[in-house]
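Quick note on numbering: UniProt numbering labels position 263 of the sequence shown as 263, and the sequence is numbered without any gaps.
The C-beta atom is built at its ideal place from N, Cα and C for all residues, glycine as well.
From a predicted model like this one, the values you see are computed outputs, not experimental measurements.
Here the structure is laid out as structure tokens; the discussion comes afterwards.
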Amino acid sequence: MDLKTKNWKKVSGAVRKTTFKIPKLIPFNEYQFCVSAQNIHPRAACPCAGPRDHQGEPEAALVPARERRRLRDRRLPGGEEGEDQRALGAPEQDQPDPPKKVDITEITPITVSLAWVKPDYDGGSRITSYVVEKLRTSVEDAQWERCTVLSLTRCTVTDLVPHEEYRFRVSAQNYGAISEPRETTAVVCKEQIVPASIDLSAVTSDVLILKEGQDFILKLHGMPTPAVTWYKGLGVFRETIRVVTKTVGGVTQLIFRKCEKVDGGTYTVVVANPAGKQTAEIQFRVGLGKDTVNT
Numbered sequence: 001m002d003l004k005t006k007n008w009k010k011v012s013g014a015v016r017k018t019t020f021k022i023p024k025l026i027p028f029n030e031y032q033f034c035v036s037a038q039n040i041h042p043r044a045a046c047p048c049a050g051p052r053d054h055q056g057e058p059e060a061a062l063v064p065a066r067e068r069r070r071l072r073d074r075r076l077p078g079g080e081e082g083e084d085q086r087a088l089g090a091p092e093q094d095q096p097d098p099p100k101k102v103d104i105t106e107i108t109p110i111t112v113s114l115a116w117v118k119p120d121y122d123g124g125s126r127i128t129s130y131v132v133e134k135l136r137t138s139v140e141d142a143q144w145e146r147c148t149v150l151s152l153t154r155c156t157v158t159d160l161v162p163h164e165e166y167r168f169r170v171s172a173q174n175y176g177a178i179s180e181p182r183e184t185t186a187v188v189c190k191e192q193i194v195p196a197s198i199d200l201s202a203v204t205s206d207v208l209i210l211k212e213g214q215d216f217i218l219k220l221h222g223m224p225t226p227a228v229t230w231y232k233g234l235g236v237f238r239e240t241i242r243v244v245t246k247t248v249g250g251v252t253q254l255i256f257r258k259c260e261k262v263d264g265g266t267y268t269v270v271v272a273n274p275a276g277k278q279t280a281e282i283q284f285r286v287g288l289g290k291d292t293v294n295t
């Protein structure tokens, strides 16, 4: 019976088990339930007879409809009736971990670019957004200011004051909670000049064996972000269906989708920015199988 309408409604036919799940209840409504026993003889009247240990009509038990996965049934001692007094509401979500490894990828006099890695633990609910904040540390009694809320794992904070020092922090947010923030070190908003360079730790021998489906990955360094050019032999490398290049941020890739003998040879990569330039030459030979070479 819905206690708002005071109307009894039959919710099932005969069931053989001593348990039954009642569907289509309205959240946060209070209900009263009645169960009657039936055999091959006429059905017992409802409401049920009183308990065996005393005479009289049983008292009604009020059972609010709640989110099942957050609350558990409890058996009271002696079969006594009781009421769960916990507050009703949406299921609580655990707090997610902070984002991992918040890096400053580029600095200009008026902007700072950030990139981070999603947290290991999402609190039991999908990460919906990230909150990015800034603190102008060169100003006395400065407070953290919210810059943006976004679903990506990178952003550029704009409208900064040149030659001022800032710190940044990023928090992860799921459907019900927000993580502790992950902070960066302090940086000064000015033109950052770092010569372009290549991390050659992936070049482990004089000749690298190419394998079908292989990605050859080189990590780059430099501010501003270096421009990348690949060469094969004496000319600029022309992408084919089998071999392509891909450069995102500080990583450049040479991707071999389907190797043939002609794809081997000498490849040269040149990285450059206003502060400098570096060139690396790599020898490849075609092999068999699949693998990935990276740092």
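Starting from residue i, trace the beta strand (DSSP E) in both directions and tell me its first and last residue.
i	result
residue 167	165 to 173
residue 150	145 to 150
residue 215	214 to 223
residue 131	129 to 136
residue 114	112 to 117
residue 15	Premise fails: residue 15 is in no beta strand (DSSP E) and is neither H nor E.
residue 195	194 to 199
residue 121	Unbroken run through residue 121: none, as it is neither H nor E.
Nearest-angstrom Cα distance between residue i and residue j?
i	j	result
residue 196	residue 270	9 Å
residue 233	residue 157	42 Å
residue 218	residue 251	6 Å
residue 262	residue 276	33 Å
residue 227	residue 272	5 Å
residue 6	residue 176	35 Å
residue 98	residue 170	8 Å
residue 124	residue 161	39 Å
residue 292	residue 220	Note that residue 292 scores a pLDDT of 43, beneath 50, so its modelled location is shaky; the value from the coordinates is reported in the next line. When rounded, the distance between both Cα atoms is 18 Å.
residue 16	residue 2	25 Å
residue 20	residue 9	15 Å
residue 96	residue 178	7 Å
residue 186	residue 100	17 Å
residue 256	residue 287	12 Å
residue 119	residue 184	16 Å
residue 39	residue 94	48 Å
residue 148	residue 168	12 Å
residue 281	residue 259	19 Å
residue 11	residue 114	57 Å
residue 18	residue 36	11 Å
residue 144	residue 126	26 Å
residue 31	residue 4	9 Å
Does the Cβ of residue i have 16 or more other Cβ atoms within 10 Å, making it buried, or fewer, making it exposed?
i	result
residue 103	exposed
residue 166	buried
residue 142	exposed
residue 163	exposed
residue 174	buried
residue 34	exposed
residue 28	exposed
residue 222	buried
residue 26	exposed
residue 150	exposed
residue 134	buried
residue 22	exposed
residue 121	exposed
residue 172	buried
Is residue i close to chain B, meaning its C-beta is less than 9 Å from at least one C-beta of that chain?
i	result
residue 282	No chain B is part of this structure, which consists of one protein chain only.
Quick one: measure Cβ to Cβ for residue i and residue j, integer angstroms, because I've assumed they're closer than 8 Å.
i	j	result
residue 117	residue 153	7 Å
residue 274	residue 224	7 Å
residue 314	residue 265	Since the first and last residues shown for the chain are 1 and 295, residue 314 lies out of range.
Practice item. Please confirm if the region 126 to 146 is in contact with the region 196 to 212, defined as three or more CB-CB distances below 8 Å between the two stretches. Key: Touching, no, given that fewer than three Cβ pairs across the two stretches are closer than 8 Å.
Review point. Counting Cβ pairs, one atom from each stretch, are 3 or more of them under 8 Å apart for the region 187 to 194 and the region 238 to 247?
Key: Output reads no: the region 238 to 247 does not touch the region 187 to 194.
Exercise for review: Count the CB pairs spanning the region 107 to 120 and the region 136 to 146 that are closer than 8 Å, and state whether there are at least three.
Suggested key: Result no; under three Cβ-Cβ pairs closer than 8 Å.
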